[in-house]
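Chemist: Quick note: the sequence shown uses the numbering used here, first residue 2, plus one each step. Don't be surprised by glycine CBs; every beta carbon is placed ideally from N, CA and C. Please find one structure pasted underneath; my questions will follow.
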Amino acid sequence: MTENEQIVTKIVEGIQERKGKEIAVVNLTKLKEAPCSYFVICEGDSNVHVNSIALSIKDYVREQISVKPYATDGFENCEWIAMDYGQIIVHVFQRHIRAFYDIEHLWADAKIKRLENIL
């Protein structure tokens, strides 16, 4: 497993820790024009849930493998929080914002792995 794959795995576990929904891992490694290697996308039910998921990711990844995001944005309103882990960008959305931007569709030629929701 590469370092990026290990980080993606820990990000997903951090999302699942707070019951993040509709998780998608977009593998962009085969695309020349891609801005990074992976997008990890998920959604929460409210701004409190989105905030909780993002904080869980940040804490979980730091505690498990000592990796911190280079930058984060969106904590002010918690509708769309982006987290930059270098070659991995995490997007935590509220459902209606995710549907509006539909960023998976923009990268439809990439390999997209969708994970089942944890109840």
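1. Report yes if the C-beta distance between Ile-119 and Val-93 is below 9 Å; otherwise report no.
2. Within its chain, find whatever has a CB closer than 6 Å to the CB of Gln-65; leave out the 5 residues flanking it on each side and keep chain order.
3. Tell me which same chain residues have a C-beta within less than 8 Å of the C-beta of Asn-78, skipping the five on either side of it?
4. Whose CA, out of Leu-32, Glu-4, Glu-80, lies closest to the CA of Phe-101?
5. Under 8 Å, with one C-beta from each stretch per pair, do the region 59–73 and the region 35–51 reach the 3-pair mark?
6. Taking the Cβ atom as the reference point for each residue, do Glu-4 and Tyr-61 lie within a distance shorter than 9 Å?
7. Would Asp-85 pass as a contact of Leu-32 if the rule is Cβ separation under 9 Å?
8. Taking the straight line between their C-alpha atoms, what separation do you get for Ala-25 and Phe-76?
9. Along the alpha helix (DSSP H) that carries Asp-103, what are the first and last residues, could you check?
10. So what does DSSP say about Ile-82, is it helix, strand or coil?
Modeler: According to the structure data:
1. no
2. Lys-11
3. Asn-48
4. Glu-80
5. no
6. no
7. no
8. 21 Å
9. That residue, Asp-103, is in no alpha helix (DSSP H); it is neither H nor E in DSSP.
10. strand
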